[in-house]
Amino acid sequence: MSTTTIILIVLALIVIWIVASYNRLITLTNRAKESWADIAVQLKRRYDLIPNLVETVKGYAAHESSAFENVTKARSAAMGAAGTADKAQAENQLTGALKTLFAVSEAYPDLKANQNFLQLQQELGDTEDKIQAARRFYNTTVMTLNIALQSFPSNIVASSFSFKQMDLFELAEADAEAVEPVKVQF
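Numbered per the numbering used here, the sequence shown finishes at 1003, counting up by one with no gaps.
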């Protein structure tokens, strides 16, 4: 083989490697964006359930207005949060406000027996489970992307094409100890 042929083969292999690396990074980025969209769908479902839950509890515990206001404010903050870290913090505050709302409901036996309230509890519990699963999937996908962006030699392609790392959806360590999942069973 001639030197020109060898050089062309080496260049062709480099181009193939660059294209394959680029396509892998695009796939990982899109998978991470898709998994974030899955979280957004579940959060929207949660946001839609909360006003119904608040109205149901209000019918029985009208004088507990601060609990309702806190849930409403936390819901608004969570809906308006931008970025992964802000969204995680806002969701933690909403979870705390919901725990307070459920604590208020403990004092009202008629409410605990209300079929609408029980159904909303079940739906919220299912939604919380789906959010947790979506967060785990998102974090796994983002971790895979971030590893690819940091690993040699794919980091060369990543930096050449301005790929950026994504943030994990995680609790701050102090928050992780303080926040428990919403308890929806009495």
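Heads up, the beta-carbon is just placed ideally off N, CA and C, and yes, glycines get one too.
From a predicted model like this one, the values you see are computed outputs, not experimental measurements.
For residue i, does the three-state DSSP call read helix, strand or coil?
i, result
"Glu994", "Bear in mind that a pLDDT of 47 at Glu994, under 50, signals an unreliable position, so the number given afterwards is only what the model happens to contain. Helix at Glu994."
"Pro868", "helix"
"Met818", "coil"
"Pro926", "helix"
"Lys981", "coil"
"Ala884", "helix"
"Ala878", "coil"
"Ala898", "coil"
"Glu1004", "Outside the displayed span of the chain (818 to 1003) sits residue 1004, for which this structure offers no information."
Leaving out five residues on either side along the sequence, give the residues of the same chain with a beta carbon under 6 Å from the beta carbon of residue i.
i, result
"Ala905", "Phe986"
"Ala878", "Val921, Tyr925"
"Asp943", "none"
"Ser852", "Phe954, Tyr955, Thr958"
Less than 8 Å between C-beta atoms, sequence neighbours within five positions excluded: which residues of the same chain meet that for residue i?
i, result
"Phe978", "Tyr839, Leu842"
"Tyr864", "Arg892, Ala895, Met896"
"Lys947", "Gln859, Arg862"
"Asp984", "Gly900, Thr901, Ala902, Val959"
"Asn931", "Thr873, Tyr877"
First and last residue of the alpha helix (DSSP H) that includes residue i?
i, result
"Asn909", "901–922"
"Gln938", "932–967"
Using a Cβ-Cβ cut-off of 7 Å (strictly less than) and excluding sequence neighbours within five positions of residue i, which residues of its own chain qualify?
i, result
"Ala991", "Residue confidence for Ala991 is low, a pLDDT of 43 falling below 50, so the modelled location carries little weight; the figure read from the coordinates is stated next. Excluding residues within five positions, none has a Cβ falling inside 7 Å."
Contact between the region 823–833 and the region 906–921 (3+ Cβ pairs under 8 Å): Short answer: they don't touch.
Contact the region 920–939 vs the region 871–879: 3+ CB pairs below 8 Å: Under the 8 Å Cβ criterion, the region 920–939 counts as touching the region 871–879, having at least three qualifying pairs.
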